[in-house]
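In what follows, a single structure is set out as C-alpha coordinates and then discussed.
Residue numbers (the working numbering): 2 to 272.
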(Lines of atoms letter the chains of each structure in order from A and count residues from 1; the text may use other names and numbers.)
(Lines give C-alpha, C1' and ligand atoms only; values in the text may rest on other atoms or scores of the structure.)
Protein backbone atom coordinates (compact mmCIF):
# COMPACT_ATOMS: atom_id res chain seq x y z
CA UNK A 1 0.00 0.00 0.00
CA UNK A 2 2.83 2.44 0.84
CA UNK A 3 4.46 1.79 -2.55
CA UNK A 4 1.12 2.35 -4.29
CA UNK A 5 0.52 5.68 -2.53
CA UNK A 6 4.09 6.78 -3.34
CA UNK A 7 3.52 5.91 -6.99
CA UNK A 8 0.31 7.96 -6.99
CA UNK A 9 2.17 10.95 -5.52
CA UNK A 10 4.86 10.75 -8.20
CA UNK A 11 2.26 10.45 -10.97
CA UNK A 12 0.23 13.33 -9.53
CA UNK A 13 3.31 15.57 -9.46
CA UNK A 14 4.07 14.74 -13.09
CA UNK A 15 0.47 15.33 -14.21
CA UNK A 16 0.32 18.68 -12.39
CA UNK A 17 3.46 19.86 -14.17
CA UNK A 18 2.14 18.74 -17.55
CA UNK A 19 -1.30 20.25 -16.92
CA UNK A 20 0.22 23.66 -16.23
CA UNK A 21 1.86 23.69 -19.65
CA UNK A 22 -1.26 22.35 -21.41
CA UNK A 23 -3.69 24.88 -19.85
CA UNK A 24 -1.40 27.79 -20.72
CA UNK A 25 -0.91 31.20 -19.15
CA UNK A 26 -4.64 31.87 -18.70
CA UNK A 27 -4.76 29.10 -16.08
CA UNK A 28 -2.51 29.18 -13.03
CA UNK A 29 -2.11 26.51 -10.37
CA UNK A 30 -4.14 27.68 -7.35
CA UNK A 31 -4.78 24.68 -5.07
CA UNK A 32 -3.28 21.24 -4.44
CA UNK A 33 -4.94 18.78 -2.12
CA UNK A 34 -6.06 15.40 -0.97
CA UNK A 35 -9.61 13.98 -1.05
CA UNK A 36 -10.61 10.76 0.69
CA UNK A 37 -13.61 8.82 1.97
CA UNK A 38 -15.85 6.24 0.31
CA UNK A 39 -17.92 5.76 -2.85
CA UNK A 40 -20.89 3.55 -3.58
CA UNK A 41 -20.56 2.70 -7.26
CA UNK A 42 -23.60 0.42 -7.58
CA UNK A 43 -23.63 -2.05 -10.47
CA UNK A 44 -26.82 -2.19 -12.55
CA UNK A 45 -26.34 -5.95 -12.87
CA UNK A 46 -25.66 -7.41 -9.45
CA UNK A 47 -25.84 -11.20 -9.72
CA UNK A 48 -23.65 -14.28 -9.59
CA UNK A 49 -23.50 -14.64 -13.40
CA UNK A 50 -21.76 -11.28 -13.71
CA UNK A 51 -19.21 -12.08 -11.01
CA UNK A 52 -18.43 -15.54 -12.40
CA UNK A 53 -18.12 -14.33 -16.01
CA UNK A 54 -14.96 -12.38 -15.20
CA UNK A 55 -13.00 -15.27 -13.65
CA UNK A 56 -9.75 -16.17 -15.40
CA UNK A 57 -10.49 -19.89 -15.01
CA UNK A 58 -13.65 -21.92 -14.37
CA UNK A 59 -14.54 -22.51 -10.68
CA UNK A 60 -14.39 -25.98 -9.16
CA UNK A 61 -18.18 -26.09 -8.66
CA UNK A 62 -20.89 -25.46 -11.24
CA UNK A 63 -23.03 -22.47 -10.21
CA UNK A 64 -24.93 -22.14 -13.50
CA UNK A 65 -28.17 -23.51 -12.05
CA UNK A 66 -28.29 -22.48 -8.40
CA UNK A 67 -32.02 -21.78 -8.59
CA UNK A 68 -31.80 -18.38 -6.90
CA UNK A 69 -34.74 -16.04 -7.55
CA UNK A 70 -35.28 -12.40 -6.61
CA UNK A 71 -36.73 -13.62 -3.30
CA UNK A 72 -33.41 -15.34 -2.54
CA UNK A 73 -31.45 -12.04 -2.67
CA UNK A 74 -30.65 -11.30 0.96
CA UNK A 75 -28.25 -8.34 0.68
CA UNK A 76 -26.03 -6.34 -1.69
CA UNK A 77 -22.96 -4.26 -0.95
CA UNK A 78 -20.79 -1.80 -2.91
CA UNK A 79 -18.01 0.02 -1.09
CA UNK A 80 -15.17 1.93 -2.74
CA UNK A 81 -12.67 3.55 -0.34
CA UNK A 82 -10.76 6.08 -2.41
CA UNK A 83 -7.85 8.50 -2.35
CA UNK A 84 -7.81 11.47 -4.73
CA UNK A 85 -4.78 13.71 -5.35
CA UNK A 86 -6.04 16.96 -6.84
CA UNK A 87 -4.71 20.12 -8.48
CA UNK A 88 -6.95 23.12 -9.32
CA UNK A 89 -6.11 25.80 -11.89
CA UNK A 90 -7.75 29.23 -11.65
CA UNK A 91 -8.61 31.36 -14.70
CA UNK A 92 -6.79 34.68 -14.92
CA UNK A 93 -9.89 36.79 -15.65
CA UNK A 94 -12.84 34.64 -14.50
CA UNK A 95 -11.57 34.04 -10.98
CA UNK A 96 -14.58 31.92 -9.98
CA UNK A 97 -13.82 29.44 -12.75
CA UNK A 98 -11.40 26.59 -12.07
CA UNK A 99 -10.21 23.53 -13.93
CA UNK A 100 -9.13 20.51 -11.94
CA UNK A 101 -7.07 17.41 -12.59
CA UNK A 102 -6.99 14.47 -10.18
CA UNK A 103 -5.32 11.12 -9.91
CA UNK A 104 -7.67 8.69 -8.17
CA UNK A 105 -6.84 5.45 -6.38
CA UNK A 106 -9.56 3.01 -5.26
CA UNK A 107 -8.18 0.15 -3.18
CA UNK A 108 -9.96 -2.95 -1.85
CA UNK A 109 -13.24 -2.18 -3.62
CA UNK A 110 -15.97 -4.56 -2.46
CA UNK A 111 -18.95 -5.69 -4.55
CA UNK A 112 -21.06 -8.40 -2.94
CA UNK A 113 -24.37 -10.18 -3.34
CA UNK A 114 -25.71 -12.68 -0.79
CA UNK A 115 -28.44 -15.24 -1.51
CA UNK A 116 -30.36 -17.05 1.22
CA UNK A 117 -33.46 -19.17 1.74
CA UNK A 118 -36.44 -16.76 1.48
CA UNK A 119 -37.97 -15.88 4.85
CA UNK A 120 -35.32 -17.70 6.90
CA UNK A 121 -33.57 -16.24 9.93
CA UNK A 122 -29.76 -16.00 9.97
CA UNK A 123 -29.51 -18.37 12.93
CA UNK A 124 -31.91 -20.99 11.49
CA UNK A 125 -30.44 -24.49 11.05
CA UNK A 126 -32.46 -24.92 7.83
CA UNK A 127 -31.14 -21.73 6.24
CA UNK A 128 -29.17 -22.05 2.99
CA UNK A 129 -26.84 -19.18 2.11
CA UNK A 130 -24.45 -18.41 -0.74
CA UNK A 131 -22.39 -15.21 -1.14
CA UNK A 132 -20.31 -13.84 -4.01
CA UNK A 133 -17.78 -11.20 -2.92
CA UNK A 134 -15.33 -9.57 -5.31
CA UNK A 135 -12.44 -7.33 -4.33
CA UNK A 136 -10.40 -5.12 -6.61
CA UNK A 137 -8.52 -1.89 -7.18
CA UNK A 138 -8.61 0.95 -9.70
CA UNK A 139 -6.55 3.94 -10.78
CA UNK A 140 -8.24 6.76 -12.72
CA UNK A 141 -7.59 10.15 -14.29
CA UNK A 142 -10.24 12.77 -13.49
CA UNK A 143 -10.63 16.21 -15.18
CA UNK A 144 -13.20 18.67 -13.77
CA UNK A 145 -14.61 22.14 -14.37
CA UNK A 146 -15.88 24.08 -11.34
CA UNK A 147 -17.47 27.39 -10.41
CA UNK A 148 -16.55 28.73 -6.98
CA UNK A 149 -18.50 31.24 -4.86
CA UNK A 150 -16.31 32.73 -2.14
CA UNK A 151 -17.47 34.77 0.85
CA UNK A 152 -14.58 35.50 3.16
CA UNK A 153 -13.18 32.21 4.42
CA UNK A 154 -16.22 30.24 3.27
CA UNK A 155 -16.78 28.82 -0.21
CA UNK A 156 -19.44 26.87 -2.09
CA UNK A 157 -18.33 25.16 -5.31
CA UNK A 158 -20.25 23.38 -8.07
CA UNK A 159 -18.31 20.82 -10.10
CA UNK A 160 -18.88 18.91 -13.35
CA UNK A 161 -16.46 16.20 -14.37
CA UNK A 162 -15.68 12.70 -15.45
CA UNK A 163 -13.05 10.04 -15.04
CA UNK A 164 -11.62 7.02 -16.80
CA UNK A 165 -10.08 4.18 -14.82
CA UNK A 166 -8.22 0.89 -15.11
CA UNK A 167 -9.36 -2.04 -12.95
CA UNK A 168 -6.77 -4.51 -11.65
CA UNK A 169 -5.96 -6.99 -8.86
CA UNK A 170 -9.54 -8.30 -8.94
CA UNK A 171 -10.45 -11.57 -7.24
CA UNK A 172 -13.64 -13.37 -6.20
CA UNK A 173 -14.61 -15.25 -3.06
CA UNK A 174 -17.60 -17.63 -3.08
CA UNK A 175 -18.81 -19.09 0.20
CA UNK A 176 -21.96 -20.75 1.51
CA UNK A 177 -23.46 -23.39 3.75
CA UNK A 178 -26.26 -26.00 3.79
CA UNK A 179 -26.26 -26.02 -0.02
CA UNK A 180 -27.33 -28.88 -2.23
CA UNK A 181 -24.83 -30.33 -4.69
CA UNK A 182 -25.83 -32.75 -7.46
CA UNK A 183 -22.99 -34.02 -9.65
CA UNK A 184 -20.90 -30.91 -8.91
CA UNK A 185 -23.83 -28.52 -9.53
CA UNK A 186 -24.66 -26.26 -6.56
CA UNK A 187 -28.28 -25.24 -5.97
CA UNK A 188 -30.91 -24.12 -3.46
CA UNK A 189 -33.42 -26.92 -2.72
CA UNK A 190 -35.87 -27.79 0.03
CA UNK A 191 -34.44 -31.25 0.49
CA UNK A 192 -32.19 -33.87 -1.06
CA UNK A 193 -34.25 -36.65 -2.61
CA UNK A 194 -32.04 -37.69 -5.51
CA UNK A 195 -29.38 -40.38 -5.08
CA UNK A 196 -26.62 -38.28 -6.67
CA UNK A 197 -27.25 -35.27 -4.43
CA UNK A 198 -25.89 -34.34 -1.03
CA UNK A 199 -25.86 -31.36 1.32
CA UNK A 200 -22.67 -29.38 1.77
CA UNK A 201 -22.21 -28.10 5.31
CA UNK A 202 -19.80 -25.47 4.00
CA UNK A 203 -18.63 -24.38 0.55
CA UNK A 204 -15.66 -22.16 -0.34
CA UNK A 205 -14.22 -21.11 -3.71
CA UNK A 206 -11.89 -18.32 -4.84
CA UNK A 207 -10.28 -17.19 -8.05
CA UNK A 208 -8.60 -14.31 -9.86
CA UNK A 209 -10.66 -12.10 -12.16
CA UNK A 210 -9.64 -10.38 -15.37
CA UNK A 211 -8.72 -6.69 -15.52
CA UNK A 212 -11.05 -4.06 -16.96
CA UNK A 213 -11.98 -0.42 -17.49
CA UNK A 214 -14.46 2.08 -16.08
CA UNK A 215 -15.81 5.51 -16.95
CA UNK A 216 -18.07 7.98 -15.11
CA UNK A 217 -19.71 11.38 -15.52
CA UNK A 218 -20.73 13.25 -12.37
CA UNK A 219 -21.91 16.44 -10.70
CA UNK A 220 -20.53 17.51 -7.33
CA UNK A 221 -21.11 20.10 -4.62
CA UNK A 222 -18.36 21.22 -2.23
CA UNK A 223 -18.55 23.31 0.94
CA UNK A 224 -15.30 24.51 2.51
CA UNK A 225 -13.55 27.11 4.66
CA UNK A 226 -9.98 28.41 4.53
CA UNK A 227 -7.70 29.06 7.49
CA UNK A 228 -5.24 31.96 7.22
CA UNK A 229 -5.89 32.07 3.45
CA UNK A 230 -3.69 29.03 2.94
CA UNK A 231 -5.22 25.86 4.39
CA UNK A 232 -8.63 24.82 3.05
CA UNK A 233 -10.83 22.08 4.53
CA UNK A 234 -14.20 20.91 3.29
CA UNK A 235 -16.77 18.26 2.47
CA UNK A 236 -18.18 17.09 -0.85
CA UNK A 237 -21.13 15.14 -2.22
CA UNK A 238 -21.15 13.60 -5.69
CA UNK A 239 -23.72 11.84 -7.89
CA UNK A 240 -23.07 10.30 -11.27
CA UNK A 241 -23.53 7.56 -13.84
CA UNK A 242 -20.95 5.34 -15.44
CA UNK A 243 -20.02 2.07 -17.05
CA UNK A 244 -17.73 -0.76 -15.98
CA UNK A 245 -16.41 -3.53 -18.18
CA UNK A 246 -14.14 -6.52 -17.61
CA UNK A 247 -11.93 -7.74 -20.45
CA UNK A 248 -13.83 -10.35 -22.41
CA UNK A 249 -17.13 -9.56 -20.67
CA UNK A 250 -20.11 -7.32 -21.27
CA UNK A 251 -20.29 -3.73 -20.02
CA UNK A 252 -22.63 -2.88 -17.13
CA UNK A 253 -23.88 0.48 -15.94
CA UNK A 254 -23.02 1.99 -12.57
CA UNK A 255 -24.78 4.49 -10.32
CA UNK A 256 -22.38 6.59 -8.27
CA UNK A 257 -23.14 7.99 -4.80
CA UNK A 258 -20.07 9.52 -3.21
CA UNK A 259 -19.16 11.59 -0.20
CA UNK A 260 -15.91 12.68 1.32
CA UNK A 261 -13.69 15.26 2.95
CA UNK A 262 -10.73 17.14 1.54
CA UNK A 263 -7.75 19.25 2.51
CA UNK A 264 -5.99 21.69 0.18
CA UNK A 265 -3.07 24.06 0.22
CA UNK A 266 -3.89 27.42 -1.40
CA UNK A 267 -1.11 29.04 -3.40
CA UNK A 268 -0.53 32.80 -3.48
CA UNK A 269 -2.01 34.73 -6.37
CA UNK A 270 0.33 35.33 -9.28
CA UNK A 271 -1.85 37.83 -11.13
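Ideal Cβ positions, reconstructed from N, Cα and C, are used throughout, including at glycine.
Counted as a single uninterrupted DSSP element, the stretch harbouring residue 53 is not any beta strand (DSSP E) but the alpha helix (DSSP H) occupying residues 49-54. By the beta-carbon neighbour count (other beta carbons within 10 angstroms, threshold 16), residue 135 is buried. In the DSSP assignment, the residues bridged to residue 91 are 29, 99. Here residue 129 carries a coil assignment [DSSP, helix/strand/coil]. Taking each of 188, 182, 212, 158 in turn and checking the Cα distance to residue 198, the smallest one comes out for 182. For residue 175 and residue 259, the gap between their C-alpha atoms comes out near 27 angstroms. Under the DSSP assignment, residue 188 falls in the beta strand (DSSP E) whose first and last residues are 186-188. Rounded to the nearest angstrom, the Cβ distance from residue 81 to residue 110 is 5 angstroms, consistent with a contact under 8 angstroms. The Cβ-Cβ distance between residue 173 and residue 214 does not fall below 9 angstroms.
Of the other Cβ atoms in all chains shown, fewer than 16 fall within 10 Å of the Cβ of residue 70; this residue is therefore exposed. Check the Cα spacing between residue 196 and each of 207, 184, 189, 202: the tightest is with 184. Boundaries of the beta strand (DSSP E) harbouring residue 242: 232-247, taken from the DSSP string. A direct Cα-Cα distance of roughly 14 angstroms separates residue 256 from residue 77.
Each of 32, 86, 216 was checked against the Cα of residue 38, and the nearest Cα belongs to 86.
Residue range 155-178 is occupied by the beta strand (DSSP E) that includes residue 167. Less than 9 angstroms separates the beta-carbon of residue 161 from that of residue 221. For residue 266, the uninterrupted beta strand (DSSP E) run begins and ends at 253-267, by DSSP. About 19 angstroms separates the Cβ atoms of residue 101 and residue 139, ruling out a contact at the 8 angstroms cut-off.
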